[in-house]
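Numbering (mature numbering (1 follows the signal peptide of the UniProt record, and there is no 0)), first residue to last: -28 to -1, 1 to 779.
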């Protein structure tokens, strides 16, 4: 029956219109077309609309426990291989719906009705939708014209009969199980050159081109023909570059070509009949071509990590897949995501005592291995032994490469790592001999020492005179008493922090972890922050905040910060690991956040990408929403500013410095305790001595949002136009006058997203209203930023802003 329908479909273009009156079933069946009003719901049964042949299906695939991908897949293959997806970066929950509305829109909504994705038909109304036998899902006006098709918006895969035109691109998956956009890009450029790029991940913009068809001014389109061949074609139909040829028939094999998460463009085939299996092996996808052949040697980028992550190296396996490995003394940052790279498992060499520490390290030899472009020094006509010693005595040197009398010193992070059997050189990798971290005297060692002391005393008592026994016994009792008293005193001090799951450190432990507070990484009015390494948990890097003059208000600050952040758990907050509360010493131990604070990132020499600034704004808003409404005890931070926003390895915003945070009980809404926020970011109520509420943080966030949007400080005295000195005033004037472009004059990325810029400025103006009751709560701010709540026209925040912005 299905072949008859297929024949009629191709014989008569008007035949699909005759089927519009057929009853609709929202299950996986053979459909010629899908009527207006039809819908599918994301449930466990993977409901779908199938092609007439049953070889392809369009619908929901469950990816995670409660995450669904709207996708097209090979429906007759057990693995349900996905060929296209709509919401790869935004999985939807169970109960989400894809609907072909009565007015012809194909819309994906989450269970709450929020639109996640829709097909763009340029305002034209299709008559029906159809899942075709070639794997293309279409919205059609009649039997000859498609208003929208999945073939026109590929994700990472192309299929036979599909064409890529100039400007089309494929973006790889992030990993074998994560379908979100990854690190590699395949595109036919407008100049006709077909290229493979690494990306500025997490941005999708091209970074380093590692393969090219070299067809500038010639390439017109990439063809995946019905025979299974893939080639780049010129405008005159001549073949410029053959990407895949001499392949099995599409009659007997399924075909697909995919830019995979490892950066290789592969053409795969799958037998339709078990009798066609290779050597009687399993039914599986088999690659028939690879571009490039050796990805490990192709990527040699100035900015980026190479085929694998930083500090790792790439080895090509027999199946042409890159195998990411860590050198001796290093382990993967994330064993489940090896392309993130590797980290040192030992404490690095002390630069001030490098010559004294030479004997603590040795050079592990790795043949035919290199990390190109990571070198900072180069020497000629030297021996391997000279190269080894030069690196051992240099605290900056992590690896030395020796080849034919030449020596290159490399420093962390190492990039573009690769193994090449034809290289001929040697990698000399510096590793600590005992593979150790610091060895602080912990409580167990103290107990062991005390226990050993008592054993010695006991032995002496059994073999000495009565008078000596008495003296020794008296000494032992005094020692036990002092030990017990000291421990009780420590427990008493720690009792002030009961109910918080944090680790307690001794001052001696933190002194050793920071090498006697040697490397200062931050300083404030009441504390100094030092970099340290804990001697356990794989040499964990930490930031140790040492509060000085811990009396009066400063002691309150210490306890406030521990109580506030010790009970929190959110990805947009800095994680507090532990504390020291010993006699006059008050220290806080945080995770070490590598990319510093937002002030350095935002106001540095180069302008950060607009995409990153948007994500940072979202992260800060979510962190404040959590503090205000999702904690058991509401926390008002009271000092939101760029210096207190840290950025982790992926530039995720992490709110820090809770030293002046105010905790409110569940039945409180405001506090009258003294606030000591940073001028320029504090709300007007601070100057009027009014009670402080969570709206205090909302005001500070509004100022910060303007800084993120405009990429400048909230007050700049050195400007040509004095009307631009106070950012809040200038931003409102630009918004009111319809001149928002003035705020982002030199920011081309932001200019391309002017609607978002306008929305951010409007939200910021709402946040900085002088009247706290007019400011939205952080929950609503977050919803406005994410687009789930509309932003109304804000009123004038008041001229009072000018007087506070310049203080």
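Beta carbons: idealized from backbone N, C-alpha and C, even for Gly.
Whether or not the region 706 to 719 and the region 739 to 753 are in contact is what I'm after, with contact meaning three or more pairs of Cβ atoms, one per stretch, closer than 8 Å; do they touch? No: fewer than three Cβ pairs fall under 8 Å.
State buried or exposed for residue 239, treating a residue as buried only when at least 16 other CB atoms are found within 10 Å of its CB. Label assigned to residue 239: buried.
Do residue 381 and residue 347 have their beta-carbon atoms positioned less than 9 Å apart in this structure? A contact, by the Cβ cut-off of 9 Å.
Where residue 246 sits in the DSSP three-state scheme: DSSP, read as helix, strand or coil, puts residue 246 in helix.
Start and end residues, beta strand (DSSP E) containing residue 549: Where residue 549 is concerned, the enclosing beta strand (DSSP E) starts and stops at 548 to 554.
Give the range of the beta strand (DSSP E) segment to which residue 625 is assigned. Residue 625 -> beta strand (DSSP E) spans 625 to 627.
Applying the 10 Å Cβ sphere with the 16-neighbour rule, what's the burial state of residue 377? Residue 377 is exposed by the Cβ-count criterion.
Taking only runs of the alpha helix (DSSP H) that begin and end inside the region 353 to 388, which ones reach a length of at least 4 residues, in chain order? Entirely contained in the region 353 to 388, the alpha helix (DSSP H) runs reaching 4 residues are, in chain order, 356 to 364.
Let me confirm a value: residue 726 is counted as buried when at least 16 other C-beta atoms fall within 10 Å, else exposed. Which label applies? Residue 726 is exposed by the Cβ-count criterion.
Could you have a look at residue 489 and say whether DSSP puts it in helix, strand or coil? Reduced to three states, the DSSP call for residue 489 is coil.
Would you identify the three-state DSSP class for residue 263, choosing helix, strand or coil? Strand.
Reference residue 563; option with closest CA among 85, 546, 554 and 579: Per the Cα distances, 546.
Spatial neighbours of residue 682 within its chain, please: C-beta separation below 6 Å, excluding the five flanking residues on both sides. Excluding positions up to five away in sequence, the list reads 715.
Using the C-alpha atoms, what's the distance from residue 104 back to residue 10? Taking the straight line from one Cα to the other gives about 17 Å.
Quick one: grab the DSSP three-state call for residue 583. Note: residue 583 maps to helix in three-state DSSP.
Are there 16 or more other CB atoms within 10 angstroms of the CB of residue 95, so buried, or fewer, so exposed? That one is exposed.
So, for residue 57: in the same chain, excluding its five sequence neighbours on each side, which residues have a beta-carbon less than 7 Å away from its beta-carbon? Residues of the same chain with a CB within less than 7 Å of the CB of residue 57, apart from the 5 flanking positions on each side, are 41, 42, 43, 127 and 151 in chain order.
Determine the contact status of residue 271 and residue 338, defining contact as a CB-CB distance below 9 Å. Annotated as distal: residue 271 and residue 338, with beta-carbon spacing of 9 Å or more.
Per DSSP, residue 239 is paired with what? In DSSP, residue 239 forms a bridge with 229 and 261.
Tell me, which residues are paired with residue 294 by DSSP? Residue pairing by DSSP puts residue 294 in a beta bridge opposite 288.
Quick check: the region 652 to 668 against the region 562 to 577, are at least 3 beta-carbon pairs closer than 8 Å? With a cut-off of 8 Å, the region 652 to 668 and the region 562 to 577 do not count as touching, because too few Cβ pairs lie within range.
Please name the residue, chosen from 672, 77, 179 and 174, that lies closest to residue 99 on a Cα-to-Cα basis. Comparing alpha carbon positions, the residue from 672, 77, 179 and 174 closest to residue 99 is 77.
Taking the alpha carbon of residue 752 as the reference point, which residue from 550, 687 and 673 has its own alpha carbon closest? With distances taken between Cα atoms, residue 752 lies closest to 673.
Counting pairs of beta carbons, one from the region 167 to 178 and one from the region 284 to 293, are three or more of them closer than 8 Å? With the cut-off at 8 Å, the region 167 to 178 and the region 284 to 293 do not touch.
Sort out for me which residues DSSP pairs residue 335 with in a bridge. Per DSSP, the beta bridge partners of residue 335 are 402.
Host beta strand (DSSP E) of residue 112 (start-end): Residues 109 to 112.
DSSP state of residue 255 mapped onto helix, strand, coil: Correct three-state label for residue 255: coil.
Around the C-beta of residue 371, are 16 or more other C-beta atoms found within 10 angstroms, so that it is buried, or is it exposed? Sixteen is the threshold: when 16 or more other Cβ atoms of the shown chains lie within 10 Å of the Cβ of residue 371, as they do, the residue is buried.
In or out: residue 737 buried (at least 16 other Cβ within 10 Å) or exposed? Classification of residue 737: buried, given that the 10 Å Cβ count is 16 or more.
Separation of residue 689 from residue 193, as counted between CA atoms: If you take the alpha carbons of residue 193 and residue 689, they lie about 54 Å apart.
Inter-residue spacing [alpha-carbon to alpha-carbon] between residue 263 and residue 580: Whole-angstrom Cα-Cα distance: 33 Å.
Start and end residues, alpha helix (DSSP H) containing residue 572: Looking at the DSSP string, the run of the alpha helix (DSSP H) that includes residue 572 is 570 to 574.
Distance between residue 146 and residue 311 (C-alpha atoms, nearest Å): Taking the straight line from one Cα to the other gives about 10 Å.
Rounding to the nearest angstrom, what Cα-Cα distance links residue 167 and residue 120 in this structure? Roughly 26 Å separates the two Cα atoms.
Taking the alpha carbon of residue 555 as the reference point, which residue from 584, 217, 519 and 541 has its own alpha carbon closest? Selection 584, 217, 519 and 541 evaluated against residue 555 yields 519 as nearest (Cα-Cα).
Per-residue burial, residue 350 [other beta carbons within 10 Å of its own, 16 or more giving buried]: Around the C-beta of residue 350, fewer than 16 other C-beta atoms lie within 10 Å, and the residue is accordingly described as exposed.
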